[in-house]
Structure formats: structure tokens, C-alpha cells
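J.: Letter by letter, the sequence shown follows residues -28 to -1, 1 to 317 of mature numbering (1 follows the signal peptide of the UniProt record, and there is no 0). Got a structure here, written out as C-alpha cells. Questions coming.
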Amino acid sequence: MQKKSWQTRTARLAAGTLAAALALGAFTGCGEKKGEGDKALTKVTVNEVTHSVFYAPQYAAINLGFFEEEGIDIDLSVGQGTDKVMTGVLSGSIDVGFGGPEAAIYIYNEGKENYSQVFAQLTKRDGSFLVGREKDDNFSWQKLKGTTLLPGRKGGVPYMTLGHVLRQNGLTPGTDLTLDDSIQFSAMAGAFTGGNGDYVALFEPTASMLEKEGRGYIVASIGEESGEIPYTAYFASKDFIEKNPDLVQRFTNAVYKGQQWVQSHSAKEVAEAIAPSFADTDVELLTTVVQRYKDIDAWSTDPVMERESFERLQDVMTEAGELKQKADYDKLVNNTFAETAKANG
């Protein structure tokens, strides 16, 4: 790994954009292709929970060639839900899952022998924003009383974090307001603009796009209100990690490079770097969105998942009534690769 070479690199964007959302069955697993100088690259299939600017360090790492530097060709697709991502990981149809760590906790508690382990954290707080139908510069959470809110899938971290924020502000979900969790994550924006609900929790750039179109207005950052929590991370089956330690290390190295690059560059520079991953969104809007995430300190500066943060996630899950038994941090979180990447960074 070339130390520090990536820190001063100009924004050299890799050719080609991210793959469109593919069915899990289309994945073929690790393979090889040629990179620059005919260097053999190992293909790693990654399924992300959704496609969002919230994951800017990942797209920066892909587009700036950090994965290629580590000898990896990323085959990226969208799962539209952490439960679907985890299904792919456990079936072996994908190599690495990217989503909420809560899925790994659920699987571990089921007693599966080949459970998934979290090996790199990317985001450290909720990345969704509360969107209403009217612009509201004086928003307060009490204004949600008597309303209907579209929160996402019950049992997922977005749903649980939102519930945590509501309770922190003296609101009881189901009593003071209605949470309509009947709408699939990928359909929430369309459902909202179609007339469902008074408020909706949306990721970027969708939230800002609705605002730009005058069809919705961001009134609050859920992540800013909730505090730090290990929100999105990379995980793989225990067997995959044990059989491919060098590959997982190189993958984590690239993630760390992306994290450090995003931290040390301006919102506009980040927007330009990730633009190939968001072909339908202009750089000006991407810059606004990136700045929003920088303002709430959304991204982890390194891939290590701390014990305290992990336990806070489990507390939120317990509070939501979704977790009856806490999982063992030492078995579920494998920081070996993250610590090495950080030490060699």
C-alpha cells in the first residue's frame, strides 16, 4: 500500500459509473480483471442498502481509484434494505454487505454458525432528514403530534433511530403520531409526493431533490438530533473473512483512504469526486448535500467500530423493543482490519 500518496492526489475520476441495481442472483463472486498496467484486479461484489450521498467516502474510494490501488475491482449493486443485503451475504451470492449493523446482530442472536461479522464502519450517525410538506424555519418536534410520518421498515436502524428521537422529544410513536411503516424504503419518496403522510424520513440526495422541486422541505436532521451511533458498516460472513483475510484487509485500506480523503477535502471537491456515481444529480446540488453531511459530522474518520458506539446501538434496539438479548461485541465486530488500515494509513 502506498502510504500517503492518496492524500495529495488530485481528483482523478475513474472511468465508468456505478452499476445499476442488480438482482442478487446476478452476482458471480470474486473474480479477476486487468487494471492499470495489466495488474490483475480481484472482483469483490458489494451490495449496498441504498444509493445515497450519505456514503460519499465509499464512492470517492471507488471513483478516485483507491480500491484499484489495492488490487480490487468493485461490483456494486443496491439491495434496497439491510435485510435483503444480509440475505445475499448469508447465501454467498455477494461477498460484502453494506448496511445497518443491526442485521448482523439479529443473525448472530439466531445462533447461526456462519454469522456475519462487521469489519469496517463508514457512518457514525443517522443520515436521513425529516421532510415536511411546507417550509418551516421554526420547526419543533412537538409539531408532529397528530400527524402521520413515513419512517421506513420496522426493525431497521432508520426506524429505530427515528423512534429514539421522537421519545427523546416527549413523543410516543403510535400514540402521539402515526408511523406508517407499510411503504417500502425505495418507494417512500414517491408515496410522499403522491399524498401519503405529512412527513417522511429521506436520505440524500432524494430529500434535497424534493426540496429543489418544491415538493417537500427539509425541516430537521434526524442524525444531528440522535447523536452518534454506528449507522452503516461493511460486513461479510465469518467464513468469507477467514478465507480471504488479505482481500478484506485491502478492501478496508481502500475504505479508510476514502474516509480520510473526504475529511480533508471541501464539499465541492467531494461532490465532483462522487458525481459519476450520481449521474442524474448536478454537482451544485451534490455540493449542498455533502455540506449538510459535513455539518452534522456524519462520517467516521476511520473504519474502527468502537465498543461504546456498538453498545449504544444495542440500547436503541432494546428501547425499540427489537432486541431481547445483546450480542457479544468481541465476536460480532472484527476490528483487526480497521486497526491495521488506521495504523498503516
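All C-beta atoms in this analysis are idealised placements derived from N, C-alpha and C, irrespective of residue type, glycine included.
1. Quick check on the burial criterion: 16 or more other C-beta atoms within 10 angstroms. Buried or exposed for Gly124?
2. For Ala310, which residues from the same chain have a beta carbon less than 8 Å from its beta carbon, with the 5 sequence-adjacent residues on both sides left out?
3. Alpha carbon to alpha carbon, how far is Ala313 from Pro145?
4. Drop a sphere of 10 angstroms on the beta-carbon of Asp302, count the other beta-carbons inside from all chains shown, and report buried for 16 or more, exposed for fewer.
5. What is the C-beta distance between Val191 and Asp269, in whole angstroms, given that I count them as a contact (C-beta under 8 Å)?
6. Measure from the alpha carbon of Tyr265 to the alpha carbon of each residue in His23, Asp98 and Met289, then state which is nearest.
7. Using the Cβ count rule (16 or more neighbours within 10 Å means buried), how would you classify Ser112?
8. Check for me: the alpha helix (DSSP H) holding Val227 runs from which residue to which?
9. Could you tell me if Gly167 is buried or exposed, where buried requires 16 or more neighbouring beta carbons within 10 angstroms of its beta carbon?
10. Start and end of the beta strand (DSSP E) containing Asp153?
11. Taking only three categories from DSSP, how would you classify Ser238?
12. Mapping DSSP to helix, strand and coil, what is Lys15?
13. Measure the CB-CB distance between residue 326 and Gly69 and report whether it falls below 9 Å.
14. Against chain C, does Phe157 count as a neighbour if the rule is that its beta carbon must be under 9 Å from one of theirs?
15. Spatial neighbours of His136 within its chain, please: CB distance less than 8 Å, with the 5 preceding and 5 following residues excluded, ordered by chain position.
16. Select from Pro248, Arg279 and Tyr189 the residue whose C-alpha is nearest the C-alpha of Gln30.
17. For Gly64, which of Asp211, Ala173, Asn316 and Ile77 has the nearest alpha-carbon?
18. I'd like to confirm the pairing. Which residues does DSSP put opposite Ile46 in its beta bridges?
19. Is it true that the CB of Val21 sits closer than 9 Å to the CB of Gly72?
20. Give me the residue from Gln263, Gly37 and Thr165 with the minimum Cα distance to Ala226.
21. By a C-beta neighbour count over all protein chains shown, 10 Å radius and 16 as the cutoff for buried, is Ala299 buried or exposed?
22. Of the choices Thr308, Thr147, Asn110 and Thr165, whose alpha-carbon is the least far from that of Lys117?
23. Hey, would you say residue 327 sits closer than 9 Å to Leu121, going by beta carbons?
24. Ordered along the chain, which non-local residues of its own chain (more than five positions away) have a Cβ less than 7 Å from that of Thr95?
25. Would you mind sorting residue 319 into buried or exposed? The rule is 16 or more other CB atoms within 10 Å of its CB.
26. Buried or exposed: where does Asp252 fall if 16 or more other Cβ atoms within 10 Å of its Cβ makes it buried?
27. Starting from Tyr189, trace the beta strand (DSSP E) both ways and give me its first and last residue.
28. How far does the alpha helix (DSSP H) with Ala28 in it reach, from first residue to last?
T.: In short, the structure shows the following:
1. By the neighbour-count rule (16 or more Cβ atoms within 10 Å), Gly124 is buried.
2. Excluding the 5 residues flanking it on each side, Ala310 has same chain C-beta neighbours closer than 8 Å at Phe91, Ala92, Gln93, Thr224, Tyr228, Asp274, Pro275, Val276 and Met277, in chain order.
3. Whole-angstrom Cα-Cα distance: 41 Å.
4. So Asp302 ends up on the exposed side.
5. Incorrect: roughly 20 Å between the Cβ atoms, too far for contact.
6. Comparing Cα-Cα distances from Tyr265 to each of His23, Asp98 and Met289, the minimum goes to Asp98.
7. Within 10 angstroms of the beta-carbon of Ser112 lie fewer than 16 other beta-carbons, which makes it exposed.
8. Residues Pro217 to Gln235.
9. It counts as exposed.
10. Here Asp153 belongs to no beta strand (DSSP E), and DSSP marks it neither H nor E.
11. Here Ser238 sits in coil by DSSP.
12. In this structure, Lys15 counts as strand in the three-state DSSP scheme.
13. Because the chain in this structure spans residues -28 to 317, residue 326 falls outside the shown range and cannot be described.
14. Although the question refers to chain C, the structure presented lacks it and comprises just one protein chain.
15. Within the same chain, His136 has close Cβ partners Ser198, Val288, Glu291 and Ala292.
16. Answer by Cα proximity: Pro248.
17. It is Asp211.
18. Val16, per the DSSP bridge assignment.
19. Cβ distance < 9 Å, so Gly72 and Val21 count as in contact.
20. It is Gly37.
21. With at least 16 other beta carbons inside 10 angstroms of its own, Ala299 counts as buried.
22. The option with the nearest alpha carbon to Lys117 is Thr147.
23. This structure gives no information on residue 327, because the portion of the chain shown stretches from -28 to 317.
24. Cβ contact annotation for Thr95 (same chain, cutoff 7 Å, sequence separation greater than five): Phe26, Tyr203, Thr204, Ala270, Trp271 and Ser272, in chain order.
25. Since the displayed the chain opens at -28 and closes at 317, residue 319 lies outside it and no answer follows.
26. Exposed is the call here.
27. For Tyr189, the enclosing beta strand (DSSP E) covers residues Tyr189 to Ser193.
28. Residues Ala28 to Asn35.
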